[in-house]
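Engineer:
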Amino acid sequence: MSNNILLSVEKPARYMGGEMGTVADREGALRFVLAFPDVYEIGMSHLGLQVLYGVLKGVPWVMPERAYAPWPDLEESLRAEAKPLVTLEAGTPLAQADILGFTLQYELSYTNILNMLDLSGIPLLACDRPEGYPLVIAGGPCAYNPEPLADFFDAFLIGDGEEAVIELADCVRAAKEQGIAKAELLERLARIEGVYVPSLFEVNYHDDGRIAAIAPRKEWYQSVRRRFVADLETAYYPTSPIVPFLKTVHDRVSVEISRGCTRGCRFCQAGYIYRPVRERSPERVFSIMEEALHNTGYDEISLLSLSTGDYGCLTPLLKGLMDRYSAQKKAVSLPSMRVGSLSDEMAEEIRRVRKTGFTLAPEAGSERLRSVINKGITEQALLENAASVYRNGWRLIKLYFMIGLPTETMEDVDGIVELSREVKRQGKFAGNGGDVNVSVSSFVPKPHTPFQWEPQISETEIVEKQRYLRDALKKKKLIMKWQDASLSGMEGVFARGDRRLAKLLIEAHRLGCRFDGWWEHFDRLKWAQAFENCGIDPTFYLRRRELDEVLPWDHIDCGVTKSFLLKEREASLIGAATPDCRFDRCTGCGVCDFKEIKLRLNEPVPFDTYASQAMVPEPTEDAQRIRIRFEKVGRMRFLSHLEMLTLFTRAVGRSGIPIRFSQGFHPHPKFSFATALSVGIESYAEYMDFEVDAGYTAAQLQQALNATLPEGVRVLEADEIDLRAPALSVIMDKVRYRVTLPEELAVDLEAKAAAFLALESSPVKREKKGKATEFDLRHELAELKVEGRALEMVAGRGKLVEFVGAILGVPNDALKEARLEKLEVIFKP
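Residue 11 in UniProt numbering sits at position 11 of the sequence shown, and the numbers go up by one each step.
(1) What are the start and end residues of the beta strand (DSSP E) that includes G101?
(2) Between which residues of its own chain and M732 is the CB-CB distance below 7 angstroms, once the five residues before and five after are set aside?
(3) Using the Cα positions of P70 and V39, report the straight-line distance between them to the nearest angstrom.
(4) Which full runs of the beta strand (DSSP E) of 3+ residues lie inside the segment 37-88, going along the chain?
(5) Run through the DSSP bridge pairs and tell me what I681 is partnered with.
(6) Which residues in the same chain have their Cβ closer than 7 angstroms to the Cβ of K11, if we skip the five residues on either side of it in sequence?
(7) Taking all protein chains shown into account, do 16 or more other C-beta atoms lie within 10 angstroms of the C-beta of F156, making it buried, or fewer, making it exposed?
(8) Could you check the C-alpha separation between L124 and L293 for me, to the nearest Å?
(9) Counting along the chain, where does the beta strand (DSSP E) carrying R625 start and finish?
(10) By the three-class DSSP mapping on this structure, what secondary structure does E290 have?
(11) Mind the definition here: the segment 185-195 touches the segment 155-172 only if three or more C-beta pairs lie below 8 angstroms; say whether that holds.
(12) Leaving out five residues on either side along the sequence, give the residues of the same chain with a beta carbon under 6 angstroms from the beta carbon of A175.
(13) Give the range of the beta strand (DSSP E) segment to which A215 is assigned.
(14) Any heavy atom of the ligand ZN closer than 6 angstroms to the CB of T296?
(15) Considering Cα atoms alone, identify which of Y272, Q702, I137, D554 is closest to D719.
(16) In angstroms with no decimal places, state the Cα-to-Cα distance between E422 and D689.
(17) Since Y144 and P447 are thought to touch, with beta carbons under 8 angstroms apart, how far apart are those beta carbons, to the nearest angstrom?
(18) Classify T407 as helix, strand or coil using the three-state DSSP reduction.
(19) If you drop the 5 nearest sequence neighbours on each side, which residues of the same chain put their C-beta closer than 7 angstroms to that of K465?
(20) Inspect the CB distances between the segment 92-102 and the segment 132-139 and report whether three or more fall short of 8 angstroms.
(21) Buried or exposed for N392, going by 16 or more other Cβ atoms inside 10 Å?
(22) For D733, does the three-state DSSP call read helix, strand or coil?
(23) Do L405 and G365 have their C-beta atoms within less than 7 angstroms of each other?
(24) I'd like the list of long-range same chain contacts for G805, defined as Cβ closer than 8 angstroms, with 5 residues on each side in sequence excluded.
(25) With distance defined between alpha-carbon atoms, name the residue in L78, D537, E279, A90 nearest to S120.
(26) From L820, L334, P238, A387, pick the residue whose C-alpha is nearest to that of residue 841; which is it?
(27) Exposed or buried, what is F594 when buried is set at 16 or more other beta-carbons lying within 10 Å of its beta-carbon?
(28) Please classify H641: is it buried, with 16 or more other beta-carbons within 10 angstroms of its beta-carbon, or exposed?
(29) Could you pull out every unbroken alpha helix (DSSP H) segment of at least 4 residues lying fully inside the segment 703-755, listed in chain order?
(30) From the DSSP secondary-structure annotation, give me the bridge partner or partners of M116.
(31) From the DSSP output, read off the bridge partner residues of V255.
(32) Terminal residues of the continuous alpha helix (DSSP H) containing Y378?
(33) So what does DSSP say about F358, is it helix, strand or coil?
(34) Between the Cα of M636 and the Cα atoms of L677, T609, R625, which residue gives the shortest distance?
(35) Going by DSSP, name the residue or residues bridged to F827.
(36) Which ranges would you report for the alpha helix (DSSP H) in the segment 478-505 if only whole runs of at least 4 residues count?
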């Protein structure tokens, strides 16, 4: 993208590409664009996208590329300049891709999908896209009810994608080589296990709006069974993932230690659509972790699973990880832990580096309601877990609850308050005190769960319960977080919606709906207008479904049988428990064939099985200080000061430099920049100081950094300096710059420069956080000369664009196409 666009947005690093782990352009390869319908920081935290990118990266005839939903500032610029949305890797317009694959993580991102298509010049409806447009596909958890999006997509991939994505790409490549028509390609795709082609099904409706039938157009294509990766042990895993330049939501190495959960919580869609449980061996986890940490430089490890605490060898695995990495100041974090799965040994291991936060999810406030949802935990177990957490030094526990669950009463809601208070009291009993944050979401019935037939409570009832809880928790000095009731209502509409919602999405997009999952962007009035304009009643989709009713997703087979879900629903009404088949008998859910598709579990092992004597280098008594000069050119000029800090933190982590760390709760590597460089300026004179172990030379540091820094950042000089030498910010005096102007601005430069030099003063005033500062640009300018279309100057305080704007008499925004260079730093004698 051009300078003027990236310099006009809040975070250019979202769109500049060039991250470590990405692929250089492969001319002539099949262009497979992975599109995420949310902002970069969210999309880059999604492990599934990293996995698929890594799989495609390993296929030489595929060019994997990425695109994310542009934030409103970039969208405005793209539309103003009539430019299409392009990929980060090669700047490919999305309309020129061969395959455009969207990840469906959240129902409230659907308008972003339409917006990305629209910005790319791709017709929204699949039936309006003739030959020549990319094949538009989607996958992810929301694809288990693809019907609200069926009119927009050519195909959906249902289930695990690691293997299927290659088959799909190969099918498209063959179709291109053979020149076959799109209709024939879609039939070929439909024969790949897990691929759903919506145009090969016809949906009919009763007069009352319910679905009458979902009729296949091909005799051989009656339903679509999800795709399974049978064994995680041999499945691909990205050990050289893309490493972002900016901070993302999950900024760490994430390793999926198991997939699937059979606890059987009746509200949880993931617990049904990802069965059976397949665990990676601890040995494989160690191997992945070692490679990933070396290739990324992250300082935090996250062990991912739907139920991490149920991993068969979790405590021995944690022991082994901490033995290996605690000396390197690398922390381990766990996602929400199931109550009862935390042991004192586990807590002790986690806290060896730093405590990364602790979350428990009781879901419901009463024993009765937890029995209804088959949560399988007791209040006593929850309190014992909380006490263990507080005893081991944590000060904050986050609790997750839901309101609106089937059969819920106000007594159950009161139970949330009482249980939260009791958890907080455990901190007092532990002698350290403790805080509790209570997060309350609203129950949304999801497809392929025993509660898929249940109604969703109204927005009015959600708001009433939220207000009640907020007031009651406040009296107990507890903090509550909740989701906007309107967002929950919208999620419920699309979670169990049908094809008729396509016209609603088109209308909402036309009205300007974007980023609906972000409360600051969600516009309930626009959505209300869209519903009215389309004649759609949202309560129709939130209602109770009859047990014999045809559901919009009935032709999508997640593996769990409908008869099992009905049996679970009946069990919920009497609060009967269904055991976890990992620890009890098979429950007969229908997923396993007991040959390829089956439980794959690790046998429990003793606590110290993976213990190791960490190779901790002997600390030197003296430190060594090294000063470097480096360049920041090309696309790297768009990185902010904080993003450069992240870049060097990762580089130090990857290179094995014996960096010194600060003391305290969150140790940081000891390096410091001279000054912050404004975004958009190329520089050949950036300076940093590093504090390393004595004996590590400047030449070693320079070589180690240059081996791991991305293109555009390179260490030019490195020198050892006295440990007590003044800081860079103290000894810097002035800076030499060069500004090369576009022709339209390079008019009468000599005269304008002379006029500015003739001024006695040129005051400039800045305001930041309510405080105003004023200084004189003319007094700060030491030298100024003109060479062709370039201005070269030596200046002290002040931003470069402020000087140039004052000399030329133009606003700062007019300089977006100028080339700005920092040539030299002049130090005090």
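Note that CB positions come from ideal geometry on N, CA and C, so glycine has one too.
Bear in mind that the values here come from a model prediction, so they are computed numbers and not experimental data.
Structural biologist: Quick answer:
(1) 99-103
(2) A674, T675, V825, F827
(3) 6 angstroms
(4) Restricted to the segment 37-88, the beta strand (DSSP E) segments that are unbroken, complete and at least 3 residues in length are 62-68, listed in chain order.
(5) L820
(6) If you ignore the 5 residues before and after K11, its C-beta comes within less than 7 angstroms of the C-beta of L246, all in its own chain and listed in chain order.
(7) Result: buried.
(8) L124 and L293 have their C-alpha atoms spaced approximately 41 angstroms apart.
(9) 623-632
(10) Here E290 sits in helix by DSSP.
(11) yes
(12) L185
(13) Here the beta strand (DSSP E) through A215 covers 211-216.
(14) The ligand ZN is not part of the structure shown, which contains no ligands of any sort.
(15) Q702
(16) Taken atom to atom, the span from the alpha-carbon of E422 to that of D689 is near 50 angstroms.
(17) 6 angstroms
(18) coil
(19) I403, V413
(20) yes
(21) buried
(22) strand
(23) No, these two residues do not count as a Cβ contact at 7 angstroms.
(24) P811, N812, A814, L815
(25) L78
(26) Nothing can be reported for residue 841, as the shown portion of the chain is limited to 1 through 829.
(27) exposed
(28) exposed
(29) 728-731
(30) Beta-bridge pairing links M116 to no other residue.
(31) L303
(32) For the record, residue 378 in the displayed sequence is Thr; it is not Tyr. That residue, T378, is in no alpha helix (DSSP H); it is neither H nor E in DSSP.
(33) strand
(34) When only C-alpha atoms are compared, the closest one is L677.
(35) M732
(36) 485-495
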